[in-house]
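The structure appears below as structure tokens.
There are 2 protein chains.
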Amino acid sequence: MLENFKSHLQQKLPFLLESKVIIAISGGIDSVVLAHLCKKLNLDFSLAHCNFNLRDEESDADEVFVLDLAEDLDVEVFVQNFDTEAYAKDFKRSIQMAARELRYNWFAELAEQLKFDYILTAHHADDNLETFLINFTRGTGLNGLTGIPMKNENIVRPLLPFSRQEIEAYAKENQIKWREDSSNSSRKYLRNKLRHEVVPILKDINPQLLDSFQNTLDHLNDTADIVAESVDSVANEAIVSLDEDDVFFKVSEFKNLKNPKAYLFELLNEFGFTEWNDVVNLLDAQSGKQVFSSTHRLVKHRDYLILSEKKSKTTKSVTLSEAEVINSKVKIPLGILFFDEADAVKEKSNTTIYVDKDKLNFPLELRIWKEGDVFHPLGMNGKKKVSKYLKDEKLSLIEKEKTWVLTSNNDIVWIVGKRADERFKVTNKTEQILKVELANP
Amino acid sequence: MLENFKSHLQQKLPFLLESKVIIAISGGIDSVVLAHLCKKLNLDFSLAHCNFNLRDEESDADEVFVLDLAEDLDVEVFVQNFDTEAYAKDFKRSIQMAARELRYNWFAELAEQLKFDYILTAHHADDNLETFLINFTRGTGLNGLTGIPMKNENIVRPLLPFSRQEIEAYAKENQIKWREDSSNSSRKYLRNKLRHEVVPILKDINPQLLDSFQNTLDHLNDTADIVAESVDSVANEAIVSLDEDDVFFKVSEFKNLKNPKAYLFELLNEFGFTEWNDVVNLLDAQSGKQVFSSTHRLVKHRDYLILSEKKSKTTKSVTLSEAEVINSKVKIPLGILFFDEADAVKEKSNTTIYVDKDKLNFPLELRIWKEGDVFHPLGMNGKKKVSKYLKDEKLSLIEKEKTWVLTSNNDIVWIVGKRADERFKVTNKTEQILKVELANP
Numbered sequence: 001m002l003e004n005f006k007s008h009l010q011q012k013l014p015f016l017l018e019s020k021v022i023i024a025i026s027g028g029i030d031s032v033v034l035a036h037l038c039k040k041l042n043l044d045f046s047l048a049h050c051n052f053n054l055r056d057e058e059s060d061a062d063e064v065f066v067l068d069l070a071e072d073l074d075v076e077v078f079v080q081n082f083d084t085e086a087y088a089k090d091f092k093r094s095i096q097m098a099a100r101e102l103r104y105n106w107f108a109e110l111a112e113q114l115k116f117d118y119i120l121t122a123h124h125a126d127d128n129l130e131t132f133l134i135n136f137t138r139g140t141g142l143n144g145l146t147g148i149p150m151k152n153e154n155i156v157r158p159l160l161p162f163s164r165q166e167i168e169a170y171a172k173e174n175q176i177k178w179r180e181d182s183s184n185s186s187r188k189y190l191r192n193k194l195r196h197e198v199v200p201i202l203k204d205i206n207p208q209l210l211d212s213f214q215n216t217l218d219h220l221n222d223t224a225d226i227v228a229e230s231v232d233s234v235a236n237e238a239i240v241s242l243d244e245d246d247v248f249f250k251v252s253e254f255k256n257l258k259n260p261k262a263y264l265f266e267l268l269n270e271f272g273f274t275e276w277n278d279v280v281n282l283l284d285a286q287s288g289k290q291v292f293s294s295t296h297r298l299v300k301h302r303d304y305l306i307l308s309e310k311k312s313k314t315t316k317s318v319t320l321s322e323a324e325v326i327n328s329k330v331k332i333p334l335g336i337l338f339f340d341e342a343d344a345v346k347e348k349s350n351t352t353i354y355v356d357k358d359k360l361n362f363p364l365e366l367r368i369w370k371e372g373d374v375f376h377p378l379g380m381n382g383k384k385k386v387s388k389y390l391k392d393e394k395l396s397l398i399e400k401e402k403t404w405v406l407t408s409n410n411d412i413v414w415i416v417g418k419r420a421d422e423r424f425k426v427t428n429k430t431e432q433i434l435k436v437e438l439a440n441p
Numbered sequence: 001m002l003e004n005f006k007s008h009l010q011q012k013l014p015f016l017l018e019s020k021v022i023i024a025i026s027g028g029i030d031s032v033v034l035a036h037l038c039k040k041l042n043l044d045f046s047l048a049h050c051n052f053n054l055r056d057e058e059s060d061a062d063e064v065f066v067l068d069l070a071e072d073l074d075v076e077v078f079v080q081n082f083d084t085e086a087y088a089k090d091f092k093r094s095i096q097m098a099a100r101e102l103r104y105n106w107f108a109e110l111a112e113q114l115k116f117d118y119i120l121t122a123h124h125a126d127d128n129l130e131t132f133l134i135n136f137t138r139g140t141g142l143n144g145l146t147g148i149p150m151k152n153e154n155i156v157r158p159l160l161p162f163s164r165q166e167i168e169a170y171a172k173e174n175q176i177k178w179r180e181d182s183s184n185s186s187r188k189y190l191r192n193k194l195r196h197e198v199v200p201i202l203k204d205i206n207p208q209l210l211d212s213f214q215n216t217l218d219h220l221n222d223t224a225d226i227v228a229e230s231v232d233s234v235a236n237e238a239i240v241s242l243d244e245d246d247v248f249f250k251v252s253e254f255k256n257l258k259n260p261k262a263y264l265f266e267l268l269n270e271f272g273f274t275e276w277n278d279v280v281n282l283l284d285a286q287s288g289k290q291v292f293s294s295t296h297r298l299v300k301h302r303d304y305l306i307l308s309e310k311k312s313k314t315t316k317s318v319t320l321s322e323a324e325v326i327n328s329k330v331k332i333p334l335g336i337l338f339f340d341e342a343d344a345v346k347e348k349s350n351t352t353i354y355v356d357k358d359k360l361n362f363p364l365e366l367r368i369w370k371e372g373d374v375f376h377p378l379g380m381n382g383k384k385k386v387s388k389y390l391k392d393e394k395l396s397l398i399e400k401e402k403t404w405v406l407t408s409n410n411d412i413v414w415i416v417g418k419r420a421d422e423r424f425k426v427t428n429k430t431e432q433i434l435k436v437e438l439a440n441p
């Protein structure tokens with residue numbers, strides 16, 4: 001196996017031969033064999049071990065084992081202890097996800113601080129096959145069937161073409177010791193079931209299963225490249241504006257496609273949508289129709305679909321006392337509001353207003369507009385419902401919901417960034433002018 | 001199940017309710033249940049049974065069973081006997097392939113002659129899953145993972161969403177009888193192994209496996225639509241000429257793509273190529289480089305890749321006696337040659353020549369040119385190697401190999417369709433003129 005590993009590195013991962021790398025080491029057979037192979041090839045590497053403290057003494061014994069291994073191999077070793085359960089609880093992750101995040105975050109940190117070029121993990125061909133089968137069994141799309149990438153940014157998996165059998169044989173031949181992982185998570189249970197009960201039958205049917213599987217993965221990855229290139233090109237045509245909050249998709253671009261659903265799925269899948277027929281139906285729906293995922297929503301607005309995040313109520317209103325209102329700035333989702341005294345009115349605009357300070361009742365309030373709000377549009381006689389104003393301005397549902405107002409004793413002073421109120425305007429009787437300016441963050 | 005089947009037809013296959021259909025019936029549980037269901041729903045159907053004569057008395061007993069079933073259901077039945085083994089031998093097919101071709105050819109014939117709208121087959125969800133796993137185990141690409149289509153031209157598979165379990169339960173509840181298929185082909189062995197040993201474990205891991213699988217298939221079929229649309233659009237740009245024999249692909253179009261191999265695979269896979277790296281390397285290869293599949297070849301020629309069939313030597317030469325040469329036509333792969341007397345020379349062209357008949361030595365021969373051939377190009381002094389002439393004409397390797405010559409006593413009279421020979425031209429001493437014209441078929 002050493003020779004095959006060497007020529008694999010030379011042909012597919014030659015950059016590893018001239019890099020400084022970290023090997024992510026659990027103490028299990030795969031990562032230990034990887035460390036031994038790298039030692040044999042004189043790679044410039046250190047070990048990094050995560051103690052997730054999930055299996056009491058066993059976790060600690062693993063740590064000791066890794067420290068001993070580092071000494072045997074005469075390489076540097078880093079060990080980090082994590083309170084995985086606390087992290088999982090705090091961030092609402094599964095234990096599996098928590099361990100994964102902690103591990104990769106720490107590796108990334110190590111790599112950056114200590115100038116390592118790559119992080120090596122010991123995933124092998126059977127892992128890859130098992131992952132494929134797990135994803136398939138649960139239901140998936142092309143992306144769940146393209147396998148673990150050999151290189152993904154600075155994470156490299158040099159054992160990926162090798163089978164578990166080859167790794168075990170190498171460990172045996174070279175009398176390499178390792179630690180068995182006794183954990184029995186549901187994920188591992190699943191993996192073991194596939195490993196011991198399904199894969200042997202498939203290998204019985206096709207003794208070259210791992211080779212065939214590699215070919216399948218190669219084809220599927222090529223296909224995924226076609227899909228990505230194609231979806232990118234549709235996105236380039238369809239996405240007309242993309243600000244921090246919203247993405248606008250031109251409906252007409254999807255109507256030109258033979259299967260709009262396929263592209264909508266590729267573009268929106270990552271935002272957690274599941275009701276794809278509803279998403280497709282939005283293309284022909286009336287303005288205002290929307291579809292939700294757990295984190296996002298998609299709204300039809302005239303010739304557009306608008307994707308935005310469901311806001312986690314950072315829409316709390318803000319009150320400002322008279323003392324606070326001078327020379328202050330207030331952050332709201334729309335941007336930053338600057339309050340200031342002014343000598344005279346100049347450069348009035350949608351985003352800058354001047355009001356007669358003596359007409360204000362403090363504290364002022366900044367809040368999202370609500371049904372029933374009425375104001376006196378600047379320059380007009382009489383009043384108007386805010387809802388009517390927003391409709392006449394042809395704002396989308398999302399834009400409407402993001403509309404803030406500045407009020408004084410619940411009278412609207414300004415529809416922020418849009419229209420000032422007639423009642424508070426500066427006149428020739430005005431003694432103190434307050435300037436309010438909205439700047440985007 | 002009857003209710004589910006009914007609403008499935010109403011929602012997904014409503015056209016079947018108003019069509020005249022054939023049910024392909026083996027006598028096995030799936031097709032027999034399909035026939036019973038169609039009877040219950042009053043569909044306008046007939047049965048069609050193929051007796052492949054592969055299992056002696058058993059095949060005949062199946063036939064009798066189907067005839068009885070038709071009587072019970074009070075529907076029309078067609079039975080056809082095939083000598084499957086002879087067909088397989090004659091056409092070099094596996095027994096499986098032979099049976100498949102015979103079956104579908106006969107169904108197509110029946111449908112056309114007797115004005116049936118659709119042919120129904122009884123494939124179900126478990127068949128679909130097993131096919132996926134068979135393809136996966138052997139190694140495949142996206143197309144091997146998108147499942148059996150519910151409707152493919154006039155073949156419709158109305159049981160596709162239903163599981164084997166549902167079908168068995170329906171047969172039991174309704175005391176439906178069927179014939180067990182005792183055949184044990186390797187294909188069936190494989191299927192049984194997956195059915196009895198692999199699928200139960202996957203269903204144990206995910207009890208909703210068939211539903212998840214259907215979602216996976218839906219996603220993969222959408223993805224396949226993206227790929228097809230994208231590959232079509234590349235093909236439209238890249239294919240510059242497409243005659244009966246050759247397809248010319250513009251190399252530059254592939255160079256614009258991020259992953260040319262992926263597109264070449266999609267475009268050329270059906271022609272049996274396997275060495276995809278060699279195919280990709282052709283893009284940068286010298287003119288004349290080629291890659292072969294068992295049936296086709298791909299040649300680099302200047303800015304093009306030219307795909308053509310490897311000809312099954314229909315390149316046998318033809319000889320023509322003096323008697324045969326007047327008023328005759330001769331078919332060669334290039335087209336049809338018309339030989340005729342003429343009073344005078346008119347409309348000379350690449351495809352029409354006039355020669356002095358008295359200068360010819362019979363029999364004439366029509367054959368592919370060969371190395372060493374020399375001719376006297378019309379209008380030139382002296383002679384020229386045919387190989388040099390073809391090179392100077394900048395013909396591709398494929399065009400060169402398709403070049404035919406008409407010879408007299410092994411002297412070239414005409415490089416067919418390209419250039420006549422000076423020695424045989426009509427002069428003022430000519431008494432008999434022979435006109436030869438090449439017409440494309």
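Residue numbers (full-length UniProt numbering), protein chains in the order written: chain A, 1 to 441; chain B, 1 to 441. Don't be surprised by glycine CBs; every beta carbon is placed ideally from N, CA and C.
| message | For a quick check, are the C-beta atoms of A:A228 and A:T121 less than 7 Å apart? | response | Here residue 228 of chain A is taken as the residue at index 228 of the first sequence, counted from 1. Here residue 121 of chain A is taken as the residue at index 121 of the first sequence, counted from 1. No, the Cβ-Cβ distance between A:A228 and A:T121 is not below 7 Å.
| field | Within chain B, partners of A:S7 - CB distance below 8 Å | value | Translated into positions along the first sequence, residue 7 of chain A becomes position 7. What A:S7 touches in chain B: nothing, since even the nearest Cβ is about 17 Å away.
| How would you label A:A439, buried or exposed, when you count the other beta carbons within 10 angstroms and need 16 or more for buried? | Translated into positions along the first sequence, residue 439 of chain A becomes position 439. When all chains shown are included, A:A439 counts as exposed.
| message | So with CB distances below 8 Å, who are the chain A contacts of B:S230? | response | Here residue 230 of chain B corresponds to residue number 230 of the second sequence, with the count starting at 1. Going along chain A in sequence order, the residues near B:S230 (Cβ under 8 Å) are I226, V227, E229, S230.
| said: Can you list, in chain order, the residues of its chain with a C-beta nearer than 6 Å to that of A:S328? Leave out the 5 residues immediately preceding and following it. | reply: On the first sequence, position 328 is the one that residue 328 of chain A refers to. Result list for A:S328: F339, in chain order.
| request: Could you tell me whether the Cβ of A:D60 comes closer than 7 Å to any Cβ of chain B? | output: By one-based count along the first sequence, residue 60 of chain A stands at place 60. Cβ-Cβ to chain B under 7 Å: no for A:D60.
| query | Opposite A:D340 in the DSSP bridges: which residues? | reply | Counting from one through the first sequence, the residue named residue 340 of chain A turns up at place 340. DSSP output for A:D340 lists A:K435 as bridge partner(s).
| field | Proximity below 7 Å, CB of B:C50 to CB of B:R93 | value | On the second sequence, residue 50 of chain B is found 50 positions in, with the first residue counted as 1. On the second sequence, residue 93 of chain B is found 93 positions in, with the first residue counted as 1. No; because the gap between Cβ atoms is not below 7 Å, this pair is not in contact.
| Cα-Cα separation between B:N221 and B:T146, rounded to whole angstroms | Indexing the second sequence from 1 puts residue 221 of chain B at position 221. Indexing the second sequence from 1 puts residue 146 of chain B at position 146. One C-alpha to the other measures close to 6 Å.
| message | For a quick check, are the C-beta atoms of B:G272 and B:S308 less than 7 Å apart? | response | Working through the second sequence from its first residue, we reach residue 272 of chain B at position 272. Working through the second sequence from its first residue, we reach residue 308 of chain B at position 308. Not closer than 7 Å, so no.
| request: Tell me whether A:N128 is buried or exposed, calling it buried when 16 or more other Cβ atoms sit within 10 Å of its Cβ. | output: Locating residue 128 of chain A in the first sequence gives position 128, counting from the first residue. By the 10 Å Cβ count, A:N128 comes out buried.
| task | Note down the Cα distance separating A:T427 from A:N350, rounded to an integer number of angstroms. | result | Translated into the one-based positions of the first sequence, residue 427 of chain A becomes position 427. Translated into the one-based positions of the first sequence, residue 350 of chain A becomes position 350. When rounded, the distance between both Cα atoms is 19 Å.
| Using a Cβ cut-off of 7 Å, which residues of the segment 189-206 of chain A contact any Cβ in chain B, in chain order? | L190, K193, E197, V198, I201, L202, I205, N206
| field | A:I119 and A:I167 closer than 7 Å at C-beta | value | Residue 119 of chain A sits at position 119 when you count from the first residue of the first sequence. Residue 167 of chain A sits at position 167 when you count from the first residue of the first sequence. No; because the gap between Cβ atoms is not below 7 Å, this pair is not in contact.
| request: Quick one: which residues of the segment 126-138 of chain B get their C-beta closer than 7 Å to a C-beta of chain A? List them in chain order. | output: F136, T137, R138
| Contact check, B:L360 vs B:L406, beta carbons under 7 Å | Taking the first residue of the second sequence as position 1, residue 360 of chain B is located at position 360. Taking the first residue of the second sequence as position 1, residue 406 of chain B is located at position 406. For B:L360 and B:L406, no; Cβs fall outside 7 Å.
| said: Given this structure, state the Cα-to-Cα distance separating A:L395 from A:A48, to the nearest angstrom. | reply: The count along the first sequence starts at 1 and reaches residue 395 of chain A at position 395. The count along the first sequence starts at 1 and reaches residue 48 of chain A at position 48. Here the alpha carbon of A:L395 sits roughly 54 Å from the alpha carbon of A:A48.
| field | Residue-level contact to chain A via CB, B:K151, 7 Å cutoff | value | Along the second sequence, read from residue 1 onward, the residue named residue 151 of chain B stands at position 151. Not one chain A Cβ lies under 7 Å of B:K151.
| Spatial neighbours of B:P441 in its chain, beta-carbon cut-off 8 Å, leaving aside the 5 residues before and after | Here residue 441 of chain B refers to the residue found at position 441 when the second sequence is read from its first residue. Only weak support exists for where B:P441 lies, its pLDDT of 49 falling under 50; the value from the coordinates is given anyway. Excluding sequence positions up to five before and after B:P441, its CB lies within less than 8 Å of the CB of K331, G335, I336, all in the same chain and listed in chain order.
| query | Is the Cβ of B:F248 closer than 7 Å to any Cβ of chain A? | reply | Reading the second sequence from its first residue, position 248 is the one you call residue 248 of chain B. No, because no Cβ of chain A sits closer than 7 Å to the Cβ of B:F248.
| message | Just to make sure I have the definition right: I need the residues of chain B whose C-beta is within less than 7 Å of the C-beta of A:N258. Which are they? | response | Counted from its first residue, the first sequence places residue 258 of chain A at position 258. Checking the sequence shown, residue 258 of chain A turns out to be Lys, not Asn. Under the 7 Å cutoff, chain B gives D225, E229.
| query | What separation, rounded to the nearest whole angstrom, lies between the Cα atoms of B:A262 and B:S212? | reply | Counted from its first residue, the second sequence places residue 262 of chain B at position 262. Counted from its first residue, the second sequence places residue 212 of chain B at position 212. Between B:A262 and B:S212, the C-alpha separation is close to 28 Å.
| Rounded to a whole number of angstroms, what is the C-alpha to C-alpha distance between B:I412 and B:F424? | Within the second sequence, numbered from 1, the residue matching residue 412 of chain B stands at position 412. Within the second sequence, numbered from 1, the residue matching residue 424 of chain B stands at position 424. Their Cα atoms are separated by approximately 9 Å.
| Quick one, which of B:V234, B:G382, B:L268, B:N269 has its alpha-carbon nearest residue 450 of chain B's? | Nothing can be reported for residue 450 of chain B: it is not among the residues displayed for chain B, which extend from 1 to 441.
| said: Excluding the 5 residues flanking A:T430 on each side, which residues of the same chain have their C-beta closer than 7 Å to its C-beta? | reply: In the first sequence, the residue the question calls residue 430 of chain A occupies position 430. The residues are D356.
| task | Note down, in chain order, every chain B residue with its Cβ under 9 Å from the Cβ of A:Y170. | result | Position 170 of the first sequence, counted from the start, is the residue given in the question as residue 170 of chain A. None at all; the shortest Cβ gap to chain B is about 26 Å.
| Which residue spans inside the segment 201-246 of chain B form an unbroken beta strand (DSSP E) run of at least 3? | 239-242
| Collapsed DSSP secondary structure at B:S31 in the structure displayed | Here residue 31 of chain B refers to the residue found at position 31 of the second sequence. Looking at B:S31 - three-state DSSP - the assignment turns out to be helix.
| Does the Cβ-Cβ distance between B:V32 and B:Y170 come in under 7 Å? | As a working mapping, residue 32 of chain B is identified with position 32 in the second sequence. As a working mapping, residue 170 of chain B is identified with position 170 in the second sequence. Going by C-beta atoms, B:V32 is not nearer than 7 Å to B:Y170.
| CA-CA distance, B:E3 and B:D218? | Residue numbering aside, residue 3 of chain B sits at position 3 when the second sequence is read from its first letter. Residue numbering aside, residue 218 of chain B sits at position 218 when the second sequence is read from its first letter. Each residue's alpha carbon lies about 23 Å from the other.
| task | Determine, using beta carbons only, whether A:V64 and A:G27 come nearer to each other than 7 Å. | result | Position 64 of the first sequence, counted from the start, is the residue given in the question as residue 64 of chain A. Position 27 of the first sequence, counted from the start, is the residue given in the question as residue 27 of chain A. Cβ atoms of A:V64 and A:G27: not closer than 7 Å.
| request: Buried or exposed for B:L390, please, with buried defined as at least 16 other CB atoms from any protein chain shown within 10 angstroms of its CB. | output: Counting from one through the second sequence, the residue named residue 390 of chain B turns up at place 390. With 16 or more Cβ atoms within 10 Å of its Cβ, B:L390 is classed as buried.
| query | Under 7 Å between C-beta atoms, does A:P441 make it to chain B? | reply | The sequence position of residue 441 of chain A within the first sequence is 441, counting from 1. At A:P441, the pLDDT of 49 sits below 50, so the modelled position is not reliable; the number obtained from the coordinates is stated separately. For A:P441, the answer is no, since every Cβ of chain B falls outside 7 Å of its Cβ.
| task | To the nearest angstrom, report how far apart B:G372 and B:T403 are at their CA atoms. | result | On the second sequence, position 372 is the one that residue 372 of chain B refers to. On the second sequence, position 403 is the one that residue 403 of chain B refers to. Straight-line Cα distance between these residues: approximately 14 Å.
| field | Status (buried if at least 16 other CB within 10 Å, exposed otherwise) for B:Y354 | value | Numbered from 1 along the second sequence, position 354 holds the residue referred to as residue 354 of chain B. Result: buried.
| query | DSSP on B:Q10, reduced to helix/strand/coil? | reply | Working through the second sequence from its first residue, we reach residue 10 of chain B at position 10. Looking at B:Q10 - three-state DSSP - the assignment turns out to be helix.
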